[in-house]
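Shown next, in structure tokens, is the structure this report addresses.
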Amino acid sequence: MKIRLSVLTALLIVATSFAQDKEWTLNECIEHALENNISIERSKKLVEISEINVISAKGNFLPNLNASVNPGLNFGSSIGQDGSRISTDNFRSSFSLSSSTTIFNGFRNLISYKQAQLGVKASKLDLQKIEDDISLFVVNAYLNILFAKENLEVAQNQYEISTKQIEATQAQVDAGVKPKGDLLDAESTAAADAQNVVTQENALDLALLSLAQLLQVDTDGFDVAKVDVGSPSIATLYDNSTMVYEKALENRAEIARAKLEVDNAELNIKSAKGAYLPSLGLSAGAGTSYQNIFNDAFTNNGFSDQFRDNLGYSLGLSLSIPIFNRNQTKANVNRSIISQKMSEIDLEDQKLQLKETIERVFLDSKAAAKSYEVANISLNAQNEAFKNAEQRYSLGAMTSFDFDQVRSRLVDAESTLIRAKYDYVFKTKVLEFYFGEEIVLE
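In structure tokens, the structure reads:
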């Protein structure tokens, strides 16, 4: 039994390790976040509540039905079955069924039902907004990891170059071609490059931690699949920000949500005006009673006979005509009109914010494209300068200090290019996000 338990434990450990060592793709990260994020789960519950509100509003069109039983014991003088007063103890109970319904109340039940339906749409749009934001957060965190990995790769390559430079300088010092100070400089540069590797490893760990926490998964062994974004085109995806904005007006959840608020405000005005109209209700009921007198000299009728003989029915209409209610209805209507105007202002404000955001992202995207282009040109120039410096340094025509300066400029150019590339990629993805395109890394 112990052997079986040990084997099972080992299998579980292996399975867990395998699951943790899985490299997550971008789509897997987004899907997992959408399925497990707490904010999304909370928003889904709000959708369920809004759907229940629709059922409740629909129920206002139906009549209610109530049953009541009122048993009681009487002691001393009481009214007998024939209406005469007798002095004895008795048990008495009444039974009734009642129902009432609203025939007309200024269309307020219908308006409440429509508002409940709008509430479902609004809560679903709130959910969509949260899902969109979470997806964008995941894309940003994913790109940060890719960015950190490329930076780490550059740092590791530079460290390898530094270690090889130590070997070459050592050989030149041993041959008497270079002074020992050049060897010390090479060792110092390698130490600095080693420190940079540690720094970039820590940056990668933090980027992985950020995404793992966003996905709410175990950070041990967490990693993402490598995506080669290549060399993105320097041409912007869209000709201008206006076309992105016009498309965003059609698909952005916050705009649709603001429009629903305008529709809901208009229904509030109609509901408030409904108080000016009369209300008509219908009620119906049935009731009976039973009495048992505790007196040997008195003969009680049976339960079924009394139930049948005492059975009675009622049917009624109620009409309420508003005449004057201290200007409360008028005030409610005016408040609803003002609220409707405010909801229209909020809609325009949402549109303005969206337009400003897209214009800013569009300009940032153009600037990032130019920065990426310049960084590419700079890196090519620094690569040529470094090749020339390597030849001169190997021939002894350049000091180690000057060579390190050239190599440092190359490292900076590589880092600048990586930063510019991912900055441009992310900003173009944000534009695609507002345009309604699916975010894909290629």
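Reading the sequence shown from the start, the letters are residues -19 to -1, 1 to 423 in mature numbering (1 follows the signal peptide of the UniProt record, and there is no 0).
Built from N, CA and C at the ideal position, the CB exists for glycine as well.
Neighbour-count burial assignment, residue i, 16 or more Cβ in a 10 Å radius
{"i": "residue 43", "result": "exposed"}
{"i": "residue 84", "result": "exposed"}
{"i": "residue 362", "result": "exposed"}
{"i": "residue 411", "result": "buried"}
{"i": "residue 334", "result": "exposed"}
{"i": "residue 54", "result": "exposed"}
{"i": "residue -10", "result": "Caution is warranted here: a pLDDT of 37 is assigned to residue -10, below 50, making its placement in the model unreliable, and the coordinate value is therefore given only provisionally. Exposed: under 16 other Cβ atoms inside 10 Å."}
{"i": "residue -19", "result": "Residue confidence for residue -19 is low, a pLDDT of 36 falling below 50, so the modelled location carries little weight and cannot support an answer."}
{"i": "residue 161", "result": "exposed"}
{"i": "residue 203", "result": "buried"}
{"i": "residue 409", "result": "buried"}
{"i": "residue 421", "result": "exposed"}
{"i": "residue 346", "result": "buried"}
{"i": "residue -12", "result": "In this predicted model, residue -12 has a pLDDT of only 33, less than 50, meaning its place in the structure is not dependable; the value taken from the coordinates is given anyway. It is exposed - the Cβ of residue -12 has fewer than 16 other Cβ atoms within 10 Å."}
{"i": "residue 194", "result": "exposed"}
{"i": "residue 378", "result": "exposed"}
{"i": "residue 223", "result": "exposed"}
{"i": "residue 296", "result": "exposed"}
{"i": "residue 419", "result": "exposed"}
{"i": "residue 140", "result": "buried"}
{"i": "residue 163", "result": "buried"}
{"i": "residue 209", "result": "exposed"}
{"i": "residue 174", "result": "buried"}
{"i": "residue 18", "result": "buried"}
{"i": "residue 96", "result": "buried"}
{"i": "residue 283", "result": "exposed"}
{"i": "residue 23", "result": "exposed"}
{"i": "residue 249", "result": "buried"}
{"i": "residue 324", "result": "buried"}
{"i": "residue 177", "result": "buried"}
{"i": "residue 180", "result": "exposed"}
{"i": "residue 394", "result": "buried"}
{"i": "residue 351", "result": "exposed"}
{"i": "residue 26", "result": "exposed"}
Counterpart residues of residue i in DSSP-defined beta bridges
{"i": "residue 75", "result": "51, 270"}
{"i": "residue 45", "result": "81"}
{"i": "residue 393", "result": "DSSP lists no partner for residue 393."}
{"i": "residue 204", "result": "4"}
8 Å contact criterion, which residue i and residue j should meet: CB distance rounded
{"i": "residue 243", "j": "residue 328", "result": "6 Å"}
{"i": "residue 321", "j": "residue 246", "result": "4 Å"}
{"i": "residue 273", "j": "residue 71", "result": "6 Å"}
{"i": "residue 143", "j": "residue 184", "result": "The pair is not a contact, with the Cβ atoms about 20 Å apart (cut-off 8 Å)."}
{"i": "residue 135", "j": "residue 396", "result": "6 Å"}
{"i": "residue 92", "j": "residue 252", "result": "4 Å"}
{"i": "residue 87", "j": "residue 260", "result": "7 Å"}
{"i": "residue 415", "j": "residue 229", "result": "5 Å"}
{"i": "residue 7", "j": "residue 120", "result": "7 Å"}
{"i": "residue 138", "j": "residue 417", "result": "That belief does not hold up - the Cβ atoms of residue 138 and residue 417 are roughly 40 Å apart, past 8 Å."}
{"i": "residue 200", "j": "residue 190", "result": "6 Å"}
{"i": "residue 133", "j": "residue 182", "result": "6 Å"}
{"i": "residue 206", "j": "residue 115", "result": "Not a contact, Cβ separation roughly 20 Å."}
{"i": "residue 159", "j": "residue 153", "result": "4 Å"}
{"i": "residue 166", "j": "residue 382", "result": "6 Å"}
{"i": "residue 364", "j": "residue 398", "result": "In fact, because the Cβ distance is near 11 Å, the residues do not count as touching under 8 Å."}
{"i": "residue 74", "j": "residue 50", "result": "6 Å"}
{"i": "residue 196", "j": "residue 99", "result": "Actually they do not touch by this definition, with Cβ atoms about 33 Å apart."}
{"i": "residue 269", "j": "residue 76", "result": "5 Å"}
Minimum Cβ-Cβ distance from residue i to chain C less than 8 Å
{"i": "residue 282", "result": "The question asks about chain C, but that chain is absent: this structure has only one protein chain."}
Distance cut-off 7 Å: residue i Cβ against heavy atoms of the ligand ATP
{"i": "residue 281", "result": "The model depicted lacks the ligand ATP and carries no ligand whatsoever."}
Say whether the segment 370 to 377 touches the segment 310 to 325, bearing in mind that this needs 3 or more beta-carbon pairs closer than 8 Å, one atom from each stretch.
no
So, does the segment 117 to 133 touch the segment 400 to 408, judging by three or more C-beta pairs under 8 Å?
Using a Cβ-Cβ distance cut-off of 8 Å, the segment 117 to 133 and the segment 400 to 408 are in contact, since at least three pairs of beta carbons, one from each stretch, lie closer than that value.
Quick check: the segment 250 to 267 against the segment 73 to 83, are there 3 or more CB pairs under 8 Å?
yes
If contact is defined by three or more beta carbon pairs under 8 Å, each pair taking one atom from either stretch, is the segment 330 to 342 in contact with the segment 377 to 392?
no
Check whether the segment 222 to 241 and the segment 105 to 116 are in contact - that is, three or more C-beta pairs closer than 8 Å.
Put simply, the segment 222 to 241 touches the segment 105 to 116. At least three CB pairs are less than 8 Å apart.
Any alpha helix (DSSP H) of 4 or more consecutive residues that is wholly inside the segment 220 to 300:
For the segment 220 to 300, whole alpha helix (DSSP H) runs of length 4 or above, ordered along the chain, are 222 to 232, 234 to 254, 284 to 290.
Hey, which unbroken runs of the alpha helix (DSSP H) at 4 residues or more fall wholly within the segment 81 to 168?
For the segment 81 to 168, whole alpha helix (DSSP H) runs of length 4 or above, ordered along the chain, are 89 to 155.
Ignoring anything shorter than 3 residues, give me the beta strand (DSSP E) runs that lie fully in the segment 289 to 375, in order along the chain.
293 to 301
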